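Residue numbers for the sequence shown follow this note's numbering, so the first one is 1 and each next one is one higher.
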Amino acid sequence: MTALIAISRPLRALLAFPRHSMGPCFLALFFLGTAFATTLASPLAVPLSAQSESPPAPFLLVLGNAQDGGLPHPGCTRANCRRAIEDPQYRRSVASLAVVVPRAEGRPLRYLVDATPDLGRQLEALAAAIDGPREGGVDRQPVDGVFLTHAHIGHYLGLAYFGKETLASRDLPVWCTPAMAAFLRANEPWRTLVEDRVLDLRPLAPGESVVLGEGIDHGNAAADTDSEPIATTTAAGSVRVEAISVPHRDELSDTVGFRFSGPQQRVFYVPDTDSWERWDPPVEEILDEVDVALVDATFGSPDELPGRDLSAVPHPFATDSARRFAGAVSEGRLQVFFIHLNHSNPLHDSSSELYRNLAAKGFTVAQEGQRIPL
Numbered sequence: 001m002t003a004l005i006a007i008s009r010p011l012r013a014l015l016a017f018p019r020h021s022m023g024p025c026f027l028a029l030f031f032l033g034t035a036f037a038t039t040l041a042s043p044l045a046v047p048l049s050a051q052s053e054s055p056p057a058p059f060l061l062v063l064g065n066a067q068d069g070g071l072p073h074p075g076c077t078r079a080n081c082r083r084a085i086e087d088p089q090y091r092r093s094v095a096s097l098a099v100v101v102p103r104a105e106g107r108p109l110r111y112l113v114d115a116t117p118d119l120g121r122q123l124e125a126l127a128a129a130i131d132g133p134r135e136g137g138v139d140r141q142p143v144d145g146v147f148l149t150h151a152h153i154g155h156y157l158g159l160a161y162f163g164k165e166t167l168a169s170r171d172l173p174v175w176c177t178p179a180m181a182a183f184l185r186a187n188e189p190w191r192t193l194v195e196d197r198v199l200d201l202r203p204l205a206p207g208e209s210v211v212l213g214e215g216i217d218h219g220n221a222a223a224d225t226d227s228e229p230i231a232t233t234t235a236a237g238s239v240r241v242e243a244i245s246v247p248h249r250d251e252l253s254d255t256v257g258f259r260f261s262g263p264q265q266r267v268f269y270v271p272d273t274d275s276w277e278r279w280d281p282p283v284e285e286i287l288d289e290v291d292v293a294l295v296d297a298t299f300g301s302p303d304e305l306p307g308r309d310l311s312a313v314p315h316p317f318a319t320d321s322a323r324r325f326a327g328a329v330s331e332g333r334l335q336v337f338f339i340h341l342n343h344s345n346p347l348h349d350s351s352s353e354l355y356r357n358l359a360a361k362g363f364t365v366a367q368e369g370q371r372i373p374l
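What follows is the structure in structure tokens.
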């Protein structure tokens with residue numbers, strides 16, 4: 001296993017690349033490395049509950065890649081939406097991740113990153129990926145905690161499903177910024193969820209971190225947080241989650257992204273941000289310290305918004321991100337996956353010219369069900 005973990009970044013990037021977007025030379029290398037790739041992936045190829053050997057490394061599971069309205073988008077009859085309406089295989093859930101931390105005994109720890117309006121479907125996908133077939137019943141604590149990025153509808157409305165009308169969860173840890181916590185405490189129905197002890201708010205300011213894993217108390221005790229510099233590596237069986245301030249329109253709360261540091265690699269997640277030019281310090285300072293980045297690609301390119309005042313569109317275009325991060329990706333120092341795609345985005349269609357052009361440069365879209373080792 002040690003030899004497999006030590007595989008070089010360029011080869012890992014090649015093996016993670018979608019088959020349909022490879023050129024002929026990449027295909028040749030792919031088939032030559034199929035046996036090796038299968039060996040690398042095998043510990044996660046079956047539900048974790050079915051494995052008898054020591055727990056595999058923690059990982060991120062992509063639960064959705066769409067903008068807040070999902071795909072099909074409410075009221076939308078554009079091509080992407082029509083295709084998703086007519087064929088369910090093209091439906092996409094709202095952008096979200098799960099952090100999965102296997103344990104020596106018992107079910108793996110699992111945490112949501114954002115609670116979306118698609119929470120029910122995403123909890124089912126998470127359970128199926130980890131537990132496999134289950135007996136009948138209701139799991140009222142299906143996750144061990146939630147991390148929130150900000151207060152836009154696609155990122156926190158799903159908290160309502162933990163209330164008494166549905167899951168009736170109890171003391172669910174919710175890590176968010178102090179401003180986000182204040183917003184939840186001051187407004188219904190979130191205030192009632194806090195007062196009824198459905199949600200246990202745990203402020204996590206930008207620059208602070210929390211450690212998830214064996215030996216960490218995820219009940220009513222205070223979160224294991226600190227603001228110390230993040231170590232280069234993280235102990236086996238644990239993941240450190242650091243909140244990082246993100247420039248974004250902050251009508252109701254501030255916004256953060258998260259850096260996940262595991263024993264194998266580090267991943268940066270930023271589903272919503274204003275243009276990269278607004279970052280201070282530059283976003284490259286963060287990307288230089290991670291192996292993988294899942295970044296906001298709400299819109300693919302300016303061509304997607306004809307007639308719009310682009311100065312009023314705060315999100316970075318996927319084409320701009322590809323130009324900006326091209327060096328790190330081409331050199332194999334960084335893998336970049338696009339996420340949070342608007343319903344109009346051509347990147348929803350893997351046969352689109354934009355998808356193929358960006359894939360040829362080493363950029364692709366985070367797919368539901370994709371696992372990213374930590």
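Built from N, CA and C at the ideal position, the CB exists for glycine as well.
Note that the structure is predicted; figures quoted are calculated from it, not measured.
Mind checking whether Leu-305 and Asn-65 have CB atoms under 8 Å apart?
On the sequence shown, position 305 is the one that residue 305 refers to. On the sequence shown, position 65 is the one that residue 65 refers to. Taking 8 Å as the Cβ cut-off, Leu-305 and Asn-65 do not qualify as a contacting pair.
Please identify the residue among Pro-117, Asp-87, Tyr-90, Ala-84 whose C-alpha is closest to the C-alpha of Asp-68.
For the purposes of this step, residue 68 is taken as the residue at position 68 of the sequence shown. Considering only alpha carbons, the answer is Pro-117.
Using CA atoms only, rank isn't needed, just tell me which of Ala-312, Leu-334, Pro-314 is closest to Ala-322.
On the sequence shown, residue 322 is found 322 positions in, with the first residue counted as 1. Of Ala-312, Leu-334, Pro-314, the residue nearest in Cα terms is Leu-334.
Going by C-alpha to C-alpha distance, which of Thr-177, Gly-137, Glu-285, Arg-356 sits closest to Ala-243?
The count along the sequence shown starts at 1 and reaches residue 243 at position 243. Checking every option, the nearest Cα to that of Ala-243 belongs to Thr-177.
What first and last residue would you give for the alpha helix (DSSP H) that runs through Leu-126?
Here residue 126 is taken as the residue at index 126 of the sequence shown, counted from 1. Unbroken alpha helix (DSSP H) run through Leu-126: 119 to 131.
Taking its Cβ as the centre, do 16 or more other Cβ atoms sit within 10 Å of Pro-133, making it buried, or is it exposed?
Indexing the sequence shown from 1 puts residue 133 at position 133. Pro-133 should be labelled exposed.
Work out the CA separation of Arg-259 and Phe-338 for me, nearest whole Å.
For this step, residue 338 is matched to residue 338 along the sequence shown. For this step, residue 259 is matched to residue 259 along the sequence shown. Their backbone Cα atoms lie some 16 Å apart in a straight line.
Start and end of the alpha helix (DSSP H) containing Tyr-156?
The residue you call residue 156 lines up with position 156 of the sequence shown. Residues 153 to 156.
Rounded C-beta distance between Val-99 and Tyr-111? I'm assuming under 8 Å.
Counted from its first residue, the sequence shown places residue 99 at position 99. Counted from its first residue, the sequence shown places residue 111 at position 111. The beta carbons of Val-99 and Tyr-111 sit about 4 Å from each other, so the pair counts as a contact at 8 Å.
C-beta atoms of Asp-114 and Ala-179 nearer than 8 Å
Within the sequence shown, numbered from 1, the residue matching residue 114 stands at position 114. Within the sequence shown, numbered from 1, the residue matching residue 179 stands at position 179. Pairing Asp-114 with Ala-179 gives a Cβ-Cβ distance that is not under 8 Å.
Any contact of the region 341 to 361 with the region 76 to 94, i.e. 3+ C-beta pairs under 8 Å?
yes
Let me know the secondary structure DSSP gives Ser-52 once reduced to three states.
As a first step, residue 52 must be located in the sequence shown, where it is residue number 52. Bear in mind that a pLDDT of 42 at Ser-52, under 50, signals an unreliable position, so the number given afterwards is only what the model happens to contain. Residue state, collapsed to three classes: coil.
Within 10 angstroms of its Cβ, does Val-138 collect 16 or more other Cβ (buried), or is it exposed?
In the sequence shown, the residue the question calls residue 138 occupies position 138. That one is exposed.
Leu-358 - DSSP class collapsed to helix/strand/coil:
As a first step, residue 358 is located in the sequence shown; it is residue number 358 there, counting from the start. In this structure, Leu-358 counts as helix in the three-state DSSP scheme.
Identify the continuous beta strand (DSSP E) that holds Glu-86 and give its terminal residues.
Translated into the one-based positions of the sequence shown, residue 86 becomes position 86. Counting along the chain, Glu-86 sits inside no beta strand (DSSP E); it lies in the alpha helix (DSSP H) bounded by residues 79 to 86.
Do you know how far the Cα of Arg-170 is from the Cα of Val-146?
Translated into positions along the sequence shown, residue 146 becomes position 146. Translated into positions along the sequence shown, residue 170 becomes position 170. Distance between the alpha carbons of Val-146 and Arg-170: 13 Å.
Taking the DSSP output, what are the residues bridged to Asp-200?
Within the sequence shown, the letter at position 200 stands for residue 200. In DSSP, Asp-200 forms a bridge with Pro-173.
Looking at the secondary structure, which residues open and close the alpha helix (DSSP H) in which Arg-240 lies?
Numbered from its first residue, the sequence shown carries residue 240 at position 240. Where Arg-240 is concerned, there is no enclosing alpha helix (DSSP H), although the beta strand (DSSP E) it sits in stretches over 238 to 245.
In terms of DSSP beta bridges, what is Asp-380 paired with?
Here the chain covers residues 1 to 374 and nothing more, so residue 380 does not appear.
Looking at the strands, I want to know which residues DSSP matches up with Thr-364.
On the sequence shown, position 364 is the one that residue 364 refers to. The partner list for Thr-364 (beta bridge, DSSP) reads Phe-337.
Under the three-state reduction of DSSP, which class applies to Arg-371: helix, strand or coil?
The residue labelled residue 371 in the question sits at position 371 within the sequence shown. Correct three-state label for Arg-371: strand.
Go through its chain and collect everything with a Cβ distance to Tyr-161's Cβ below 7 Å, but skip five positions before and after it.
Here residue 161 is taken as the residue at index 161 of the sequence shown, counted from 1. Contacts found: Leu-119, Gly-120, Leu-167.
Quick one: what does DSSP say Leu-71 is sitting in, helix, strand or coil?
Reading the sequence shown from its first residue, position 71 is the one you call residue 71. In this structure, Leu-71 counts as strand in the three-state DSSP scheme.
Closest by C-alpha distance to Leu-109, when choosing among Arg-324, Pro-142, Asp-320:
One-based indexing of the sequence shown puts residue 109 at position 109. Looking at the Cα atoms, Pro-142 is the closest of the given residues.
Cβ distance (whole Å) where Val-246 is taken to contact Val-270 below 8 Å:
Translated into positions along the sequence shown, residue 246 becomes position 246. Translated into positions along the sequence shown, residue 270 becomes position 270. About 6 Å separates the two Cβ atoms, so the contact holds.
Compute the Euclidean distance between the alpha carbons of Leu-157 and Cys-76, then round it to the nearest angstrom.
Residue numbering aside, residue 157 sits at position 157 when the sequence shown is read from its first letter. Residue numbering aside, residue 76 sits at position 76 when the sequence shown is read from its first letter. Leu-157 and Cys-76: Cα-Cα distance of roughly 21 Å.
Measure the CB-CB distance between His-150 and Asp-272 and report whether it falls below 8 Å.
Against the sequence shown, residue 150 aligns to sequence position 150. Against the sequence shown, residue 272 aligns to sequence position 272. Result yes, Cβ atoms of His-150 and Asp-272 sit closer than 8 Å.
Let's test the definition: count the other Cβ atoms within 10 Å of the Cβ of Ser-330 and tell me whether it reaches 16, buried, or not, exposed.
Here residue 330 is taken as the residue at index 330 of the sequence shown, counted from 1. With fewer than 16 neighbouring CB atoms inside 10 Å of its own CB, Ser-330 falls in the exposed class.
Beta-carbon gap between Pro-263 and Ala-125 smaller than 8 Å
Within the sequence shown, residue 263 is the residue found at index 263, counting from 1. Within the sequence shown, residue 125 is the residue found at index 125, counting from 1. Contact: no.
Give the C-beta separation of Leu-172 and Asp-200 to the nearest angstrom, bearing in mind that I take them to be a contact with Cβ-Cβ under 8 Å.
As a position in the sequence shown, residue 172 is number 172, starting the count at 1. As a position in the sequence shown, residue 200 is number 200, starting the count at 1. That belief holds up - the Cβ atoms of Leu-172 and Asp-200 are roughly 6 Å apart, short of 8 Å.
If we ignore side chains and look at the alpha-carbon of each, how far apart do Pro-316 and Pro-373 end up?
Position 316 of the sequence shown holds residue 316. Position 373 of the sequence shown holds residue 373. Pro-316 and Pro-373 have their C-alpha atoms some 26 Å from each other.
Quick check on Asp-296: buried or exposed, where buried means 16 or more other Cβ atoms within 10 Å of its Cβ?
Sequence index remark: in the sequence shown, residue 296 carries index 296 (1-based). When all chains shown are included, Asp-296 counts as buried.
Should Arg-202 be labelled buried (16 or more other beta-carbon atoms within 10 Å of its own) or exposed?
In the sequence shown, the residue the question calls residue 202 occupies position 202. When all chains shown are included, Arg-202 counts as buried.
Could you give the distance in angstroms between the alpha-carbon of Val-210 and the alpha-carbon of Ser-261?
Here residue 210 refers to the residue found at position 210 when the sequence shown is read from its first residue. Here residue 261 refers to the residue found at position 261 when the sequence shown is read from its first residue. Val-210 and Ser-261 have their alpha carbons spaced roughly 11 Å apart.
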